[in-house]
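K.L.:
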Amino acid sequence: MEILQHFDVIVVGAGLAGMRAALEIDPDLRVAVVSKVYPVRSHSVAAQGGINAAIDPEDKWQDHAFDTIKGSDYLADQDAAELMCEDAPRVVYEMEHWGTIFSRRPDGRIAQRSFGGQGYPRACYAADKTGRALYQTLFEQSIRRQITVLKEFFVVSIATAHGQVAGVVCIEIRTGTVVGLAAKSVIIATGGAGMMYARTTNPYINSGDGMAMAYRAGVPLKDMEFIQFHPTTLPGMNVLITEGARGEGAYLYNRDHERFMERYAPKLMEVAPRDIVSRAIETEISEGRGFDGDYVLLDLRHLGENIIKHRLSEIYDFALTYKGINPIYEPIPVQPGQHYMMGGIATDKHGATELPGLYAAGECAAVSVHGANRLGANSLLDTLVFGRQAGIQASQFVRKNPGVDFPSADLTRQQDMISRVKAAGRREPYGAIRRELRETMTQYVGTFRDEPRLTKALKTVRALQDRYAEAGIQDQGDVFNYDLLAYIETGFLLDLAEIVTVGALARKESRGAHARIDYPDRDDAQFLRHFLFTPDGRRDEPVVITHYQPKERKY
Amino acid sequence: MSEEIVLSIFRGDAAGGQEVEYRVPLTPGMVVLDAVHQVQAHQAQDLAVRWNCKAAHCGSCGAEINGHPKLLCKTRLDDYVGETVHIRPMQTFPIIKDLVADVSWNFEVAKKVPAFQPSVPVPFKMQQFDVDRIQEFHHCIECFLCQDVCHVLRDHNAKDQYFGPRFMVKMAEFEMHPRDGGDRVPMLAHEAGLNMCNVTKCCTEVCPQHIRITDNAIIPLKERVADQYWDPLRALFRKKKAPAATGQSVQG
Chain A
35 MEILQHFDVI VVGAGLAGMR AALEIDPDLR VAVVSKVYPV RSHSVAAQGG INAAIDPEDK
95 WQDHAFDTIK GSDYLADQDA AELMCEDAPR VVYEMEHWGT IFSRRPDGRI AQRSFGGQGY
155 PRACYAADKT GRALYQTLFE QSIRRQITVL KEFFVVSIAT AHGQVAGVVC IEIRTGTVVG
215 LAAKSVIIAT GGAGMMYART TNPYINSGDG MAMAYRAGVP LKDMEFIQFH PTTLPGMNVL
275 ITEGARGEGA YLYNRDHERF MERYAPKLME VAPRDIVSRA IETEISEGRG FDGDYVLLDL
335 RHLGENIIKH RLSEIYDFAL TYKGINPIYE PIPVQPGQHY MMGGIATDKH GATELPGLYA
395 AGECAAVSVH GANRLGANSL LDTLVFGRQA GIQASQFVRK NPGVDFPSAD LTRQQDMISR
455 VKAAGRREPY GAIRRELRET MTQYVGTFRD EPRLTKALKT VRALQDRYAE AGIQDQGDVF
515 NYDLLAYIET GFLLDLAEIV TVGALARKES RGAHARIDYP DRDDAQFLRH FLFTPDGRRD
575 EPVVITHYQP KERKY
Chain B
84 MSEEIVLSIF RGDAAGGQEV EYRVPLTPGM VVLDAVHQVQ AHQAQDLAVR WNCKAAHCGS
144 CGAEINGHPK LLCKTRLDDY VGETVHIRPM QTFPIIKDLV ADVSWNFEVA KKVPAFQPSV
204 PVPFKMQQFD VDRIQEFHHC IECFLCQDVC HVLRDHNAKD QYFGPRFMVK MAEFEMHPRD
264 GGDRVPMLAH EAGLNMCNVT KCCTEVCPQH IRITDNAIIP LKERVADQYW DPLRALFRKK
324 KAPAATGQSV QG
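Protein sequences appear in the order of chains A and B. The first sequence begins at 35 in the numbering used here and counts up one residue at a time. The second sequence begins at 84 in the numbering used here and counts up one residue at a time.
Structure, rendered in structure tokens:
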């Protein structure tokens, strides 16, 4: 059975960006948010540290913009960064008005703390549950506004007709039915693709669905080679240890009990931006000053029981549960892990893509405000600022455009694909392909890169793509067929891994999170530009410069 | 040869089913979810189980391990050495397939709770002391293990009479917000069925986030209901707008 439902706007993804976009759609339009999980399972809820906004009278949004641009190693589009930072105080107070409880200063105002690469303590936070607190608020607002949420619907492709968006094709997970959702406008807010790495802080659902679907629909992906590695994750499962810990004053030590950040960022030390701290840790480990098992130590002990238990309660709980370590008395082992993708679906500063009717916001989009390296506590801000922008634009688009007929052949094609992979399960199951992909990316497209490693990665990824084309699944059922879902996600990840690697090979310089051992310097003459990839190949675009001329990035 | 752990996992759907045994090699620090993944990868690709973040953030993987409601991702297998680990879906909700239960009733209840209503314009001035207790409630990951264990919902299936512990926490979050202007006490006394809870604290015991649900949410809310409905002085002055609270607590 293939049902077709009609909407004005479909939002794919129910995290912060998607929910914020949906709230901005004109109330008289028919909007639905589609999520492959229950909305509250979205990864936004895992964000711990904070949301940046220049709300203190001593602070200025222009300084926030400068820190963001410098943090991006000058690859951010400066007009977009300015839009975001100027809007930030409004965002924070809007969330407070809707009920988010931020932590307080003694005088009763919203408290703020330091985050990496910020020249001023401007991260507003809700203990170490900032993402969850913000998300709960938006979820409540979505209930108040009676927004339709299609839960456990897995969107697999963007339908187009006559050069514009016609809707999406999805699988209802509970029944296995292929469903077409016709819409005049589609907003993609599906988050990142961390699952292409073995060591990642991302959850299982972050398989880059939206990015890959947009790419397959011919929409360019921008700056995909820039992958953020978070400096502090627990070795083994790579659970995130919030940057808030270093913001509160935690130290990093190597095996010789040196605070090694002195050598890499003497001024900012542990609160230098993430790319710098991650590389510092990797360097310590590779030069033999780490511990067996590839880690260094994060020491919170001097912060005292009160701060650890109240402001950093989650990492206290994690360390105890997963490592049996009590951070009040013992330092925590940490190593870098994949965390965030600066790149994504290319949009303008209002969330519009090149495909009429298609918008994107949040981690899956590259506006680009994060450039070559995102600063901590700027991603929650990004979701709320640009989610809203995408909602405004989609509403306007729907008002002006009557929409196009849904191409029903897309549904048949999807149904045929499912039948084919079920039959192919007797050949190679996809599971091994997925595991090899994740290992390859972690080993060869990580914190430090060079031509031989990247070439090897590209060759492996392409070989895996060939195997994938012949592979299949074991589960022949329809209800909750996670085997099928994971198969489709693996296809998305393979597409994206290739683009990440091709971009990393072509960018023969080191900038932000992209560190080439064979090209250690930034090369503005050749590479102060965005790489845009479509199935037809690469084209470049200039970076928008407004007030801040590129300078050497030192902390 | 490394040590093995025996998992006995429920396989089936609403029409019925039974536990099936799987053997998985035990590695140090392994959690139940890791073992279930091993089964899914190598022995039963058609095993249905919800999971996502593997770090007790997302609340997806609630199930019953040897009869106790727990998160698969936060339960270490070294607690069960020498035992067979029985894994079943949450029993309070209808089963869909294997370990996947239909928890959608909870989201229907969520729709009944009135949203925050600001009593003054932003920016708010509030003391950390006053928001501390609400920040405890932010720890909730909506895994619904508290709903699963609550005997009002589980044994008496009184889903039409009580919202359950999760939504007492939610309503406490709003009621205790220093800048909330709403009044949910009438709802607590009637539709939400707060009186159905007889404070056995089972919900607090199973909460993987260590929220003191009974002491910090339910009891203070009960006090508010008592203040408004049972205080003789207040009763005297109260306008006859709302009927007195009804509903008896059930014995667990």
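Just so you know, even glycine gets a beta-carbon here, dropped at the ideal spot from N, CA and C.
1) To which residues does DSSP link B/D103 through a beta bridge?
2) Any idea if A/P237 is buried or exposed, counting beta-carbon neighbours within 10 angstroms, 16 or more meaning buried?
3) Would a check of beta-carbon distances place A/D162 closer than 7 Å to chain B?
4) Is the shortest distance between the beta-carbon of B/D129 and the beta-carbons of chain A less than 7 Å?
5) How about B/R267 and B/M254: are their beta carbons less than 7 Å apart?
6) Report the neighbours of B/C229 on chain A: residues whose CB is nearer than 7 Å to its CB, in chain order.
7) Hey, how far is the Cα of A/S241 from the Cα of A/K301?
8) When the Cα of A/G525 is compared with those of A/P91, A/D97, A/S219, A/G244, which residue comes out closest?
9) So A/F263 packs on A/S312, CB below 8 Å; how close in whole Å?
10) If contacts are defined as beta-carbon pairs under 8 Å, then B/A139 and B/C156 qualify, I think. What distance do you get, rounded to the angstrom?
11) Report yes or no: do the region 91 to 99 of chain B and the region 156 to 172 of chain B share at least 3 C-beta pairs separated by less than 8 Å?
12) With distances taken from CA atoms, which of A/I366, A/A51, A/I452, A/Q583 is nearest A/F173?
13) Taking Cβ-Cβ distances shorter than 7 Å, what residues in chain B pair up with A/P155?
14) Measuring only the C-alpha atoms, how far is A/F431 from A/G391?
15) Along chain A, in chain order, which residues have C-beta atoms closer than 7 Å to that of B/H151?
16) By Cβ distance, which residues of its chain are closer than 8 Å to B/Q244, with the 5 residues on each side in sequence left out?
17) Given a limit of 9 Å on CB to CB distance, which residues of the region 500 to 524 of chain A reach chain B?
18) Would you identify the three-state DSSP class for A/Q152, choosing helix, strand or coil?
19) Go through its chain and collect everything with a Cβ distance to A/Y582's Cβ below 7 Å, but skip five positions before and after it.
20) Any contact of the region 443 to 458 of chain A with the region 404 to 424 of chain A, i.e. 3+ C-beta pairs under 8 Å?
21) Return the residues of the region 136 to 160 of chain B that lie within a Cβ-Cβ distance of less than 7 Å from chain A, sorted by chain order.
22) So, helix, strand or coil for A/R198, using DSSP?
23) Tell me which residue opens and which closes the beta strand (DSSP E) that B/V252 is part of.
24) Take A/L168 as the anchor and find which of A/S78, A/A443, A/A217 has the nearest alpha-carbon.
25) Report the option in A/G210, A/C204, A/T194 whose CA atom is closest to the CA atom of A/S219.
26) Give the range of the alpha helix (DSSP H) segment to which B/P303 is assigned.
27) Quickly, what does DSSP pair A/T211 with across the bridge? List them, please.
28) Let me check one thing: in DSSP terms, what residues is A/D552 bridge-paired to?
29) Taking 8 Å as the cut-off, does the region 511 to 521 of chain A touch the region 483 to 496 of chain A (at least 3 CB pairs, one atom from each stretch)?
30) Could you say if the region 563 to 576 of chain A and the region 283 to 293 of chain A meet the contact criterion of at least three C-beta pairs nearer than 8 Å?
31) Quick check on the DSSP output: the beta strand (DSSP E) that includes B/H125 runs from which residue to which?
32) Given B/G150, which residues of its chain have a CB within under 6 Å of its CB, disregarding the five upstream and five downstream residues?
33) Give me the residue from A/D42, A/A114, A/E473 with the minimum Cα distance to A/A200.
34) Pair every Cβ in the region 570 to 578 of chain A with every Cβ in the region 410 to 417 of chain A, then say whether three or more of these pairs are closer than 8 Å.
35) Helix, strand or coil: which one does DSSP assign to A/N340?
P.N.:
According to the structure data:
1) Residue mapping note: residue 103 of chain B aligns to position 20 of the second sequence, counting from 1. Looking at the sequence itself, residue 103 of chain B is Val, so the reference to Asp does not match. DSSP, once it has assigned bridges, lists B/I92 as partnering B/V103.
2) The residue labelled residue 237 of chain A in the question sits at position 203 within the first sequence. With 16 or more other Cβ atoms within 10 Å, it is buried.
3) Along the first sequence, read from residue 1 onward, the residue named residue 162 of chain A stands at position 128. Interface annotation, A/D162: not in contact with chain B, CB-CB separation never under 7 Å.
4) Along the second sequence, one-based indexing puts residue 129 of chain B at 46. Taking Cβ atoms only, chain A reaches closer than 7 Å to B/D129, which makes this a yes.
5) Along the second sequence, read from residue 1 onward, the residue named residue 267 of chain B stands at position 184. Along the second sequence, read from residue 1 onward, the residue named residue 254 of chain B stands at position 171. A contact, by the Cβ cut-off of 7 Å.
6) Reading the second sequence from its first residue, position 146 is the one you call residue 229 of chain B. Residues of chain A whose Cβ lies closer than 7 Å to the Cβ of B/C229 do not exist, since the nearest Cβ in that chain is about 15 Å away.
7) The count along the first sequence starts at 1 and reaches residue 241 of chain A at position 207. The count along the first sequence starts at 1 and reaches residue 301 of chain A at position 267. If I take the Cα positions, the gap works out to 37 Å.
8) Within the first sequence, the letter at position 491 stands for residue 525 of chain A. Per the Cα distances, A/G244.
9) Here the question's residue 263 of chain A lines up with position 229 in the first sequence. Here the question's residue 312 of chain A lines up with position 278 in the first sequence. With a Cβ gap of about 4 Å, A/F263 and A/S312 count as contacting.
10) Along the second sequence, read from residue 1 onward, the residue named residue 139 of chain B stands at position 56. Along the second sequence, read from residue 1 onward, the residue named residue 156 of chain B stands at position 73. Contact holds; Cβ gap of about 6 Å.
11) yes
12) For the purposes of this step, residue 173 of chain A is identified with residue 139 of the first sequence, where counting begins at 1. Among A/I366, A/A51, A/I452, A/Q583, the Cα nearest to that of A/F173 is on A/A51.
13) As a position in the first sequence, residue 155 of chain A is number 121, starting the count at 1. Simply none; closest approach about 16 Å.
14) Here residue 431 of chain A is taken as the residue at index 397 of the first sequence, counted from 1. Here residue 391 of chain A is taken as the residue at index 357 of the first sequence, counted from 1. One C-alpha to the other measures close to 7 Å.
15) Sequence index remark: in the second sequence, residue 151 of chain B carries index 68 (1-based). What B/H151 touches in chain A: nothing, since even the nearest Cβ is about 16 Å away.
16) In the second sequence, counting from the first residue as 1, residue 244 of chain B sits at position 161. Same-chain partners within the cutoff: V235, G276, M279, G330.
17) I507, Q508, D509, Q510, G511, V513, F514, N515, Y516, D517
18) In the first sequence, residue 152 of chain A corresponds to position 118, counting from 1. In the displayed model, A/Q152 falls within coil according to three-state DSSP, outside both helix and strand.
19) Position 548 of the first sequence, counting from 1, holds the residue named residue 582 of chain A. Sequence-distant Cβ neighbours of A/Y582 in its own chain, meaning closer than 7 Å and more than five residues away, are F100, I103, Q112.
20) no
21) C136, K137, A138, H140, C141, G142, S143, K157
22) The residue given as residue 198 of chain A occupies position 164 in the first sequence. According to the sequence as given, residue 198 of chain A is Gln; it is not Arg. The answer is strand: DSSP assigns A/Q198 an E or B state.
23) Here residue 252 of chain B is taken as the residue at index 169 of the second sequence, counted from 1. No beta strand (DSSP E) holds B/V252; the alpha helix (DSSP H) holding it covers 248 to 258.
24) Residue 168 of chain A sits at position 134 when you count from the first residue of the first sequence. That would be A/S78, whose Cα lies nearest to the Cα of A/L168.
25) Here residue 219 of chain A corresponds to residue number 185 of the first sequence, with the count starting at 1. Closest option to A/S219, Cα to Cα, is A/T194.
26) In the second sequence, the residue the question calls residue 303 of chain B occupies position 220. B/P303 -> alpha helix (DSSP H) spans 302 to 313.
27) Stepping through the first sequence from its first residue, residue 211 of chain A is reached at position 177. Paired residues: A/E206.
28) In the first sequence, counting from the first residue as 1, residue 552 of chain A sits at position 518. None; A/D552 has no bridge partner.
29) Counting C-beta pairs closer than 8 Å gives fewer than three between the region 483 to 496 of chain A and the region 511 to 521 of chain A, which falls short of the contact rule.
30) no
31) The residue labelled residue 125 of chain B in the question sits at position 42 within the second sequence. Unbroken run through B/H125 is the alpha helix (DSSP H), 115 to 125; no beta strand (DSSP E).
32) Residue numbering aside, residue 150 of chain B sits at position 67 when the second sequence is read from its first letter. Around B/G150: no qualifying Cβ.
33) Here residue 200 of chain A is taken as the residue at index 166 of the first sequence, counted from 1. Ranking the options by Cα distance to A/A200, first place goes to A/D42.
34) no
35) Locating residue 340 of chain A in the first sequence gives position 306, where the first residue counts as 1. It is helical.
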